[in-house]
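Asks:
There are 2 protein chains.
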Amino acid sequence: MESQNILIKNATIINPLGNGKTEEKNADVLIVEDKIAEIGNAIDESNAEKIIDATDKILMPGLVNTHTHISMSLLRGIADDLELDTWLNDHIWPMEAHLSREYCYIGALLGAAEMIKSGTTTFSDMYFYMDGVAQAVEEIGMRAVLSYGMIDFGIEEKRENEFKENISLIKNHNNTADGRITTMFGPHSIYTTSSELLERVRKEADKYQVGIHIHMNETMKEINDCKEAHQNKRPFEYLDDLGILGSDIVAAHGVWLDQNEIDLIKKYDVKVSHNPCSNMKLASGAAPIGELLSQGVCVGLGTDGASSNNNLDMFDEMKFAALLQKVSTLNPKLATADEVINMATYNGANALGIDAGSIEVGKKADLILVDTNAPNMTPMSNALSSNLVYSANGSNVDTTICNGKVLMENRELLTVDEGHILSEAKRAIAEMKELREAEAEE
Amino acid sequence: MESQNILIKNATIINPLGNGKTEEKNADVLIVEDKIAEIGNAIDESNAEKIIDATDKILMPGLVNTHTHISMSLLRGIADDLELDTWLNDHIWPMEAHLSREYCYIGALLGAAEMIKSGTTTFSDMYFYMDGVAQAVEEIGMRAVLSYGMIDFGIEEKRENEFKENISLIKNHNNTADGRITTMFGPHSIYTTSSELLERVRKEADKYQVGIHIHMNETMKEINDCKEAHQNKRPFEYLDDLGILGSDIVAAHGVWLDQNEIDLIKKYDVKVSHNPCSNMKLASGAAPIGELLSQGVCVGLGTDGASSNNNLDMFDEMKFAALLQKVSTLNPKLATADEVINMATYNGANALGIDAGSIEVGKKADLILVDTNAPNMTPMSNALSSNLVYSANGSNVDTTICNGKVLMENRELLTVDEGHILSEAKRAIAEMKELREAEAEE
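Listed in order, the protein sequences are those of chains G and Y. When you read off a place in the first sequence, starting at 1, and then add 1452, the result is the number in our numbering. When you read off a place in the second sequence, starting at 1, and then add 1452, the result is the number in our numbering.
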């Protein structure tokens, strides 16, 4: 895609400051190539090849989804309201057995289309057939941090294969697509991988200079199983013993944490991805986000996969994050709207090591416009963050810009054919269901 | 408004059965005047003056919002993330002091516009200047159950005035607007009204044959204060002693309930309005909805006012209801998608005594169409209820019909000028803020 200089005029800007606060101002923003070049009130229009009038719109950083499995969008609604074991064993895993590179590519396009339409510009993914996901990201124009979901269950041969897959992802796709795609290692969790795999992940991550994306402390069962398997150590204590904790780790979930684990997270500056909808829907629990934020931990926000959510709307996720924290602590002052805006933008970008997440000169131009001319956004009384977190949904977003390119304008996707993606997604899931039924009949 | 016969063709119907289950079928639906006249696969098109093609759309009953304060839409975002006392004393009440009939009318139009655009056809309201709210309902075409928020704090003179206000509402508006408006008594709560007021409400409600809408068991403080004031009785025990419990009571919230109170609710067939967003945002707690539903209590769903939510989107509310119940009990099987659909439709209509909430011949034609041609609604894999509860938001609704009239088509409001409502709402809140500032300077 060719870039063009874009001038966004008459915007009301909300900018996260990274300290749980936001600043608001009225200014124009000039985008040159992939970056924010100027912020001010008298920017020369002649510098712009395209002018966007943002009157009655809020300009904010594109949202950063720090934990998802994007191709699982194909499995949206496949089964709900079940115990985790039943859900996984009887529904998710049997369907995943029929995934292919093609289906993961289609699922990624579907998920990316949904994310762009709800204001997300970056996502961090962990799944399979990541080459297909990378192709979708390349085509649709989002920013993504891709990791392969490594699972060895202690089997050496499987372990070798997982490293081959993840290293191949890194070699083929790290820093590709004009820098929009970066990569991480994706050891799935402490209960699906061996200590050998985890220790080698640390070495390879240091060698390739990429981060580590891992599920941590999601359920009480995981904590109890870990203590039983590892001399009464809790998950973060176990990782500390292995010597692999570091500031390049994004730990998804972090629902069940004790103070010693929070201290380890702080000590090593581990990043946490909070996924409230998934944690609620699977009845995993309520993460202590108020506590983590007050202790200075970098907490981002993620949707998890569509099959445990069941959408990828980060506006939904922001409201759930704020409200879950208040009700689970019976403290309405925790997880303020400003803090949640920071989680979904500044903190997410920080967690993923991308140069976006706030509106500053020199930052990547990952920006969205939210239309306030709607009943659910009227009036705008207090802070902009209030209406964005508590009143908005993703459909209030009317323009999405990533890396300086307009991906959606007036709610129309510009880089892909939305109708084609929807019909391809319907075909893919229908074929996967047929494959599963054929298998069941055997 | 003139009615015209409407034929909805090619719809995929989801119909709540009132037992926590739903049925799905493909059929056409003929609306004659204000009612569903025929459901079938070979309805003669010549009977219809208007034909709606519902291909790729889900037809379901319009959503029923069992508890709100609609004119508080003007106070959306006025203050958030605060202790209840601070929020009420320093923000809500000082603003409410500047309400007028005109502002409540404008606020009601704003809230009604938001509800129609998110698929709600009926709301149950408790607030002030209800004559203005009735005017808005009459004009915009929704169905509403209106009550005046009665507060006497034990003062006899005030009590007399409250009865005058509520009885005037009943006399002027019960069964008006082609039957779309009915009324109830609205004793605010047990902590803002005297036992004398509550006992007289029961007598007058029986006399006028209208229901009773009251806040009950919302916070732990309310329970403790009640026990202290009334010989260790909990709120429902106190009302039982007063002899006012009955099947015509809609109790909003019901967050903190013990087994004896649940038994009283069952015994008298009291209806409960669950308001998860408000209960979470104000950190009130998580109502035991799974328990109430399993014991056969009729539980509807409400948004509460926009200032403690901060929107009126019942699709939001459905997802919050399901997810809050799962996480607060750590049981993913509670509050299934089908149960939540029933709460938001069938149960709500039952609670409010309106002849709608399901798709059956002879019922009022309160219906909505949800467009599934959107990334967040693709694929439709399992039950329709899954995508409706877990994936949709109110913006997926494209058509809203109430009492046989189309109020929104292709997301365009047909009975009112949306832009005019938004500008009037902005004017009203700006004037109220000016009044408050002038008062503060005195």
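Just so it is clear, CB atoms sit at the ideal spot from N, CA and C, and this is done for glycine as well.
#1: Name, going along the chain, the residues of the stretch 1555-1580 of chain Y whose beta-carbon falls closer than 7 Å to a beta-carbon of chain G.
#2: Please classify G1902 of chain Y: does DSSP put it in a helix, a strand, or coil?
#3: Report the partner residues of S1637 of chain Y according to the DSSP bridge assignment.
#4: Identify whether M1453 of chain G lies in helix, strand or coil by the three-state DSSP scheme.
#5: Report the start-end ranges of each alpha helix (DSSP H) in the stretch 1505-1579 of chain G that is 4 residues or longer and not cut off at the edges.
#6: Between V1849 of chain Y and chain G, is the shortest Cβ-Cβ distance under 8 Å, so that the two count as touching?
#7: Taking only the alpha-carbon atoms, compute the straight-line gap between W1545 of chain Y and I1530 of chain Y and give it to the nearest angstrom.
#8: Chain G partners of T1852 of chain Y, CB-CB under 9 Å?
#9: Under 7 Å between beta-carbons, which chain Y residues line up against S1833 of chain G? List them in chain order, please.
#10: In whole angstroms, what separates the C-alpha of L1821 of chain Y from that of K1569 of chain Y?
#11: So, with DSSP's three-state summary, where would you put H1682 of chain Y?
#12: Less than 8 Å between C-beta atoms, sequence neighbours within five positions excluded: which residues of the same chain meet that for A1479 of chain Y?
#13: Are the beta-carbon atoms of H1399 of chain Y and S1599 of chain Y separated by less than 8 Å?
#14: When the Cα of G1748 of chain G is compared with those of G:T1574, G:D1756, G:S1736 and G:K1718, which residue comes out closest?
#15: If distances are taken between C-alpha atoms only, which option among Y:A1817, Y:I1696, Y:K1785 and Y:M1732 comes closest to K1655 of chain Y?
#16: Tell me the residue span of the alpha helix (DSSP H) that contains V1589 of chain G.
#17: Residues of chain Y with CB closer than 9 Å to the CB of T1788 of chain G, please, in chain order.
#18: Assuming contact is defined by CB atoms lying nearer than 8 Å, are L1515 of chain Y and T1797 of chain Y in contact in what I supplied?
#19: With the cut-off set at 8 Å, would you say F1575 of chain Y and M1567 of chain Y are in Cβ contact?
#20: Measure from the C-beta of S1810 of chain G to each C-beta in chain Y and report whether the shortest distance is under 8 Å.
#21: State the DSSP-derived secondary structure class of G1846 of chain G, mapped to helix, strand or coil.
#22: At 7 Å on the CB atoms, spell out the chain Y contacts of T1830 of chain G, in chain order.
#23: Per DSSP, T1852 of chain G is paired with what?
#24: What are the partner residues of S1725 of chain Y, as DSSP defines its beta bridges?
#25: Run the CB neighbour count on N1669 of chain G, radius 10 Å, all protein chains shown included, and call it buried at 16 or more, exposed below.
#26: Please classify R1595 of chain Y: does DSSP put it in a helix, a strand, or coil?
#27: For a contact meaning CB atoms closer than 8 Å, what does K1785 of chain G contact in chain Y?
#28: For a quick check, are the C-beta atoms of E1554 of chain Y and G1584 of chain Y less than 8 Å apart?
#29: Using the C-alpha atoms, what's the distance from V1858 of chain G back to L1865 of chain G?
#30: Pairs of beta-carbons, one from the stretch 1752-1768 of chain Y and one from the stretch 1511-1527 of chain Y, closer than 8 Å: are there three or more?
#31: Which chain Y residues are close to C1729 of chain G, counting only those with a beta carbon under 7 Å from its beta carbon?
#32: Which whole-angstrom value describes the C-beta separation of T1573 of chain Y and V1597 of chain Y, a residue pair presumed to lie in contact below a C-beta threshold of 8 Å?
#33: With DSSP as the reference, label E1617 of chain Y as helix, strand or coil.
#34: Within a Cβ cutoff of 6 Å, which residues of the same chain sit near M1453 of chain Y, ignoring the five residues on either side of it in sequence?
#35: From which residue to which residue does the alpha helix (DSSP H) around A1787 of chain Y run?
#36: Rounded to whole angstroms, what is the Cα-Cα separation between C1729 of chain G and N1517 of chain G?
Replies: The relevant details are as follows:
#1: L1562, A1565, E1566 and K1569
#2: Given a span of 1453 to 1894 for chain Y in the structure shown, any question on residue 1902 of chain Y remains unanswerable.
#3: Position check: residue 1637 of chain Y holds Phe in this sequence, whereas Ser was assumed. In DSSP, F1637 of chain Y forms a bridge with Y:Y1600 and Y:I1664.
#4: With a pLDDT of 48 at M1453 of chain G, under the threshold of 50, the modelled position of that residue is not reliable, and the figure given next carries that caveat. Coil.
#5: 1545-1548 and 1553-1569
#6: False, the Cβ-Cβ gap to chain G never drops below 8 Å.
#7: 11 Å
#8: Neighbours of T1852 of chain Y on chain G: none; closest Cβ ~13 Å, over 9 Å.
#9: Under the 7 Å cutoff, chain Y gives R1528, G1529, I1530 and I1881.
#10: For L1821 of chain Y and K1569 of chain Y, the distance between alpha carbons rounds to 11 Å.
#11: H1682 of chain Y: coil per DSSP, three-state reduction.
#12: A1463, I1465, I1491, G1492 and N1493
#13: Nothing can be reported for residue 1399 of chain Y: it is not among the residues displayed for chain Y, which extend from 1453 to 1894.
#14: Here the closest residue by C-alpha is G:K1718.
#15: K1655 of chain Y has its Cα closest to that of Y:I1696, out of Y:A1817, Y:I1696, Y:K1785 and Y:M1732.
#16: M1582 to I1592 is the extent of the alpha helix (DSSP H) around V1589 of chain G.
#17: D1532 and D1533
#18: yes
#19: For the 8 Å CB-CB criterion, F1575 of chain Y and M1567 of chain Y form a contact.
#20: no
#21: It is helical.
#22: L1562, L1874, A1877 and K1878
#23: DSSP links T1852 of chain G through a beta bridge to G:I1820 and G:M1860.
#24: Y:A1704 and Y:G1752
#25: buried
#26: strand
#27: D1533, L1534 and E1535
#28: Against a cut-off of 8 Å, the Cβ pair of G1584 of chain Y and E1554 of chain Y comes out as a contact.
#29: 9 Å
#30: yes
#31: L1775
#32: About 12 Å; that fails the 8 Å criterion.
#33: helix
#34: Confidence in M1453 of chain Y is poor, its pLDDT being 48 and thus under 50, which makes the residue's placement unreliable; the coordinate value appears in the next sentence. Excluding sequence neighbours, M1453 of chain Y sits near K1857.
#35: Here A1787 of chain Y belongs to no alpha helix (DSSP H), and DSSP marks it neither H nor E.
#36: 13 Å
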